[in-house]
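*Asks:*
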Amino acid sequence: MFMPTLREVPSEAEIPSHQLMLRAGMMRKAMSGVYSYLPLGYRVIRKVEQIVREEMDRQGGQELLFPAIQPADIWKLTGRWEDYGGEMFRLKDRGGRELCLGPTHEELATITLRDETRSYRQLPKLVYQIQTKFRDEIRPRFGVMRAREFIMKDMYSFDRDDEGCEVSYRKMYEAYRRAFDRMGLHYIVVEAESGAIGGTHNHEFMVVSDVGEAGIVFCEACGYAASEERADAAAVPEPESAPSLAADRSHARTIATPDVRTIDDLIGFLGVSPRQMVKTMVFVADGEPVAALIRGDRDVNEVKLRRALGCASLELAAPEVIEEVTGAPVGFAGPIGLKQAITIIADPEVLHVVDGVIGANAADAHIVGVRYGVDFTAHRVEDIRIVVAGDECPRCGTPLKGARGIEVGHLFKLGTKYSSRLDARYLDEAGQERSVIMGSYGIGITRCVAAIIEEYHDADGIIWPMSVAPYHVIVLPLNTTDEQQLKVAESLHSELEKLGVEVVLDDRDERPGVKFKDADLIGFPVKVTVGARGLAQCRVEVGLRRGGQTTMVGLDEAATYVSELVRSELALLSKL
Ligand SMILES: [Zn+2]
202 MFMPTLREVP SEAEIPSHQL MLRAGMMRKA MSGVYSYLPL GYRVIRKVEQ
252 IVREEMDRQG GQELLFPAIQ PADIWKLTGR WEDYGGEMFR LKDRGGRELC
302 LGPTHEELAT ITLRDETRSY RQLPKLVYQI QTKFRDEIRP RFGVMRAREF
352 IMKDMYSFDR DDEGCEVSYR KMYEAYRRAF DRMGLHYIVV EAESGAIGGT
402 HNHEFMVVSD VGEAGIVFCE ACGYAASEER ADAAAVPEPE SAPSLAADRS
452 HARTIATPDV RTIDDLIGFL GVSPRQMVKT MVFVADGEPV AALIRGDRDV
502 NEVKLRRALG CASLELAAPE VIEEVTGAPV GFAGPIGLKQ AITIIADPEV
552 LHVVDGVIGA NAADAHIVGV RYGVDFTAHR VEDIRIVVAG DECPRCGTPL
602 KGARGIEVGH LFKLGTKYSS RLDARYLDEA GQERSVIMGS YGIGITRCVA
652 AIIEEYHDAD GIIWPMSVAP YHVIVLPLNT TDEQQLKVAE SLHSELEKLG
702 VEVVLDDRDE RPGVKFKDAD LIGFPVKVTV GARGLAQCRV EVGLRRGGQT
752 TMVGLDEAAT YVSELVRSEL ALLSKL
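Quick note, the sequence shown lines up with residues 202 to 777 if you use our numbering.
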């Protein structure tokens, strides 16, 4: 067998799944972010694929295979040839035609279905593939978690109308739930932002893990869950007696704040709390500067700000722009006396800041004792802050919990984003031409493998759930020079194979300690140890990797016992 294990933790691997995939001989690095899957690793990948395939088929999906290499022109029609930027692997053929290695397949799926679809009678359709994808990540890391070449399942739904799309979407939601349950993964389904794929509505399936790259907030009381970048803030009530506030006497006064460079410096210098600060952040939205006001202990959520402003591009303003807008060096921006009349948008919490501190739009100066509605106002008040753990749930008010998550699946409603640009239309019952309504649904197959390992491992190695284990059982004779032990082990191995159990025989001439270490590292769910002491009583030891319990079982019944054990574990996972 080709299963080269490693004793040492490879130095380039930072997280358990990456370390264990290398150590357990599942894969080897070909170059940065690109891996060869060795036999053990590839067996696990194929099992994860098969679970996903069965659940796609159960919902009426049809498997096909698009090419990994794609023509540039279809990407130019949707504008994504530019939008994808450096993340897309681009190349030219010998005739000079531009091509790419597919980072995803919305365009190709749309034109393929478009060319064969005329009538409403041909809809709906659900097609999917399990395909290698390519993304030239700036910083590939964590092994297959963020790789440049990886395996993904992508499904595309084509429906007549929004109601039809909703049905397809729900089918996929159910398929995902079943598929991840069968893999043994524990996950949270969150409302998410759509990013480069675009669309109107979407969910992510996140496996909770400390090594996850995405922040999640969730409510244990009502079940609300969202990615940090998507989470809505709980409504902040209007400040009490707002009209009379305007009549309040202003307590504002400008004070010198020399040698104050950071927010922390300022808080220390003035002896105020961060909640008294009102930060004024200057952004450039579609080429126009805007100011965003947010409480000092908060951060602006640029996704929300972009949505609130309805702009296509948004970035923090460069120092020159800030100086032009405020008439002061960077660090002293404030909503009073800006040099340019620009749109000011405030987060609702700013309205509640009492005895506040703002920049004075002059070097080394701040204004203290300010209050919204008395000393300054904004053109618009909108939720533009990043929600964090401890904030109130936007649905029920309970404090939110925070977690890190690994995104293993994503559901998008695309509407007509691709069908309108690529002319995917059909004739409805009245003979009217309409755009097809689409959805796109991805599962990161290789990332699932890493997520499973993150959830199922200990100091000794991987603890595979039975459904995705590379093999169910290892038969381990302690001493292969003992003919009786070897004979018993070999016959157990072939009996188990006949019973349909996936089984490995460790007949290497190695010390028992080495064999046990490898068995635990690779994580076979069941280990059958054949040793002299047990055989003297006609028994072998059956051990479970999870929990570590062992049982002595008579030789006659050993194969049946083990195969029943395997079958009951598999049944448990498939019933979920
Ligand atoms: Zn709640």
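The beta carbon of each residue, even a glycine, is placed where N, CA and C say it ideally should be.
Kindly list the residues whose CB is nearer than 8 Å to the CB of Ser775, restricted to its own chain and excluding five residues on each side of it in sequence; keep chain order.
*Replies:* As a working note, residue 775 is residue 574 in the sequence shown. Once the five neighbours on either side are set aside, the close Cβ partners of Ser775 are Arg383 and Ser668.
*Asks:* Just to confirm, is the Cβ distance from Pro671 to Arg224 under 8 Å?
*Replies:* For the purposes of this step, residue 671 is taken as the residue at position 470 of the sequence shown. For the purposes of this step, residue 224 is taken as the residue at position 23 of the sequence shown. Not in contact: Pro671 and Arg224 (Cβ atoms no closer than 8 Å).
*Asks:* At a threshold of 7 Å, does Thr333 count as lining ligand 1 (C-beta to nearest heavy atom)?
*Replies:* Here residue 333 is taken as the residue at index 132 of the sequence shown, counted from 1. Every heavy atom of ligand 1 is 7 Å or more from the Cβ of Thr333, so no.
*Asks:* Looking at Thr599 and ligand 1, is the gap between the Cβ and the nearest heavy atom below 7 Å?
*Replies:* Your numbering for residue 599 matches position 398 in the sequence shown. Yes - ligand 1 has a heavy atom lying nearer than 7 Å to the Cβ of Thr599.
*Asks:* Are the CB atoms of Glu691 and Leu706 within a distance shorter than 8 Å?
*Replies:* Residue mapping note: residue 706 aligns to position 505 of the sequence shown, counting from 1. Residue mapping note: residue 691 aligns to position 490 of the sequence shown, counting from 1. Yes, Cβ-Cβ distance for Leu706 and Glu691 is below 8 Å.
*Asks:* Under the DSSP definition of a beta bridge, which residues are partnered with Pro600?
*Replies:* Locating residue 600 in the sequence shown gives position 399, where the first residue counts as 1. According to DSSP, Pro600 bridges with Glu593.
*Asks:* Does the Cβ of Ala422 lie closer than 7 Å to at least one heavy atom of ligand 1?
*Replies:* Stepping through the sequence shown from its first residue, residue 422 is reached at position 221. Yes.
*Asks:* Unbroken beta strand (DSSP E) runs of length 3 or more, entirely within the stretch 720 to 750: which are they?
*Replies:* Here the runs fully enclosed are 727 to 731 and 740 to 745.
*Asks:* Does the distance from the C-beta atom of Val196 to that of Phe470 stay below 8 Å?
*Replies:* The structure shown has nothing for residue 196, since the chain only spans 202 to 777.
*Asks:* Judging by CA-CA distance, which residue of Met257, Val551, Asp487 and Leu324 is the nearest neighbour of Ala493?
*Replies:* Position 292 of the sequence shown, counted from the start, is the residue given in the question as residue 493. If we check each option's Cα against that of Ala493, Val551 comes out closest.
*Asks:* With DSSP as the reference, please indicate the residues paired to Thr761 in a beta bridge.
*Replies:* One-based indexing of the sequence shown puts residue 761 at position 560. Per DSSP, none; premise fails for Thr761.
*Asks:* For the stretch 644 to 664 against the stretch 216 to 234, are there 3 or more C-beta pairs whose distance is under 8 Å?
*Replies:* The stretch 644 to 664, when compared against the stretch 216 to 234, does touch it at the 8 Å Cβ threshold.
*Asks:* Under 8 Å, do Arg734 and Val754 count as touching if we go by C-beta distance?
*Replies:* Taking the first residue of the sequence shown as position 1, residue 734 is located at position 533. Taking the first residue of the sequence shown as position 1, residue 754 is located at position 553. Contact: no.
*Asks:* Based on the DSSP secondary-structure assignment, which residues constitute the bridge partners of Thr333?
*Replies:* Counted from its first residue, the sequence shown places residue 333 at position 132. Thr333 is bridged to Ile352.
*Asks:* To which residues does DSSP link Asn502 through a beta bridge?
*Replies:* The residue labelled residue 502 in the question sits at position 301 within the sequence shown. DSSP lists no partner for Asn502.
*Asks:* Going by DSSP in three states, Ile644 sits in which element: helix, strand or coil?
*Replies:* Translated into the one-based positions of the sequence shown, residue 644 becomes position 443. Here Ile644 sits in strand by DSSP.
*Asks:* From Pro268 to Ser237, what does the alpha carbon distance come to, in whole angstroms?
*Replies:* Reading the sequence shown from its first residue, position 67 is the one you call residue 268. Reading the sequence shown from its first residue, position 36 is the one you call residue 237. When rounded, the distance between both Cα atoms is 20 Å.
*Asks:* Using only the alpha-carbon positions, how far apart do Glu405 and Thr305 sit?
*Replies:* Taking the first residue of the sequence shown as 1, we reach residue 405 at position 204. Taking the first residue of the sequence shown as 1, we reach residue 305 at position 104. Their Cα atoms are separated by approximately 17 Å.
*Asks:* Just reading off the alpha helix (DSSP H) that Lys786 is part of, what are its end residues?
*Replies:* Lying before the first or after the last residue shown, residue 786 is absent from the chain, which here runs from 202 to 777.
*Asks:* Within the same chain, show all residues whose beta-carbon is closer than 6 Å to that of Lys248, passing over the 5 residues directly before and after it, in chain order.
*Replies:* Start at 1 with the first residue of the sequence shown, and residue 248 comes out as number 47. Once the five neighbours on either side are set aside, the close Cβ partners of Lys248 are Val669.
*Asks:* Could you tell me if the beta carbon of Arg596 falls within a distance shorter than 7 Å of some heavy atom in ligand 1?
*Replies:* To locate residue 596, count along the sequence shown from 1; it is residue 395. Yes - ligand 1 has a heavy atom lying nearer than 7 Å to the Cβ of Arg596.
*Asks:* For Thr761, which of Arg746, Asp710 and Glu698 has the nearest alpha-carbon?
*Replies:* The residue you call residue 761 lines up with position 560 of the sequence shown. Among Arg746, Asp710 and Glu698, the Cα nearest to that of Thr761 belongs to Glu698.
*Asks:* Let me know the secondary structure DSSP gives Val767 once reduced to three states.
*Replies:* Within the sequence shown, numbered from 1, the residue matching residue 767 stands at position 566. If DSSP states are grouped into helix, strand and coil, Val767 belongs with the helices.
*Asks:* So Phe381 is in the beta strand (DSSP E); what residue range does that whole segment cover?
*Replies:* Reading the sequence shown from its first residue, position 180 is the one you call residue 381. Where Phe381 is concerned, there is no enclosing beta strand (DSSP E), although the alpha helix (DSSP H) it sits in stretches over Asp363 to Arg383.
*Asks:* Grouping DSSP H, G and I as helix and E and B as strand, with all else coil, what is Arg342?
*Replies:* Taking the first residue of the sequence shown as position 1, residue 342 is located at position 141. DSSP places Arg342 in strand when its eight states are reduced to three.
*Asks:* What is the DSSP secondary structure of Lys540, counted as helix, strand or coil?
*Replies:* Here residue 540 refers to the residue found at position 339 when the sequence shown is read from its first residue. Residue state, collapsed to three classes: coil.
*Asks:* Under 8 Å between the Cβ atoms of Val418 and Gly598?
*Replies:* Within the sequence shown, numbered from 1, the residue matching residue 418 stands at position 217. Within the sequence shown, numbered from 1, the residue matching residue 598 stands at position 397. Not in contact: Val418 and Gly598 (Cβ atoms no closer than 8 Å).
*Asks:* With respect to 7 Å, is the separation between the Cβ of Tyr425 and the closest non-hydrogen atom of ligand 1 below this value?
*Replies:* As a working note, residue 425 is residue 224 in the sequence shown. Yes.
*Asks:* Where Asp757 and Leu693 are concerned, what is the direct C-alpha to C-alpha distance, given to the nearest angstrom?
*Replies:* Position 556 of the sequence shown, counted from the first residue, corresponds to residue 757. Position 492 of the sequence shown, counted from the first residue, corresponds to residue 693. If you take the alpha carbons of Asp757 and Leu693, they lie about 10 Å apart.
*Asks:* Per DSSP, what are the beta-bridge partners of Arg454 in this structure?
*Replies:* In the sequence shown, counting from the first residue as 1, residue 454 sits at position 253. The partner list for Arg454 (beta bridge, DSSP) reads Val569.
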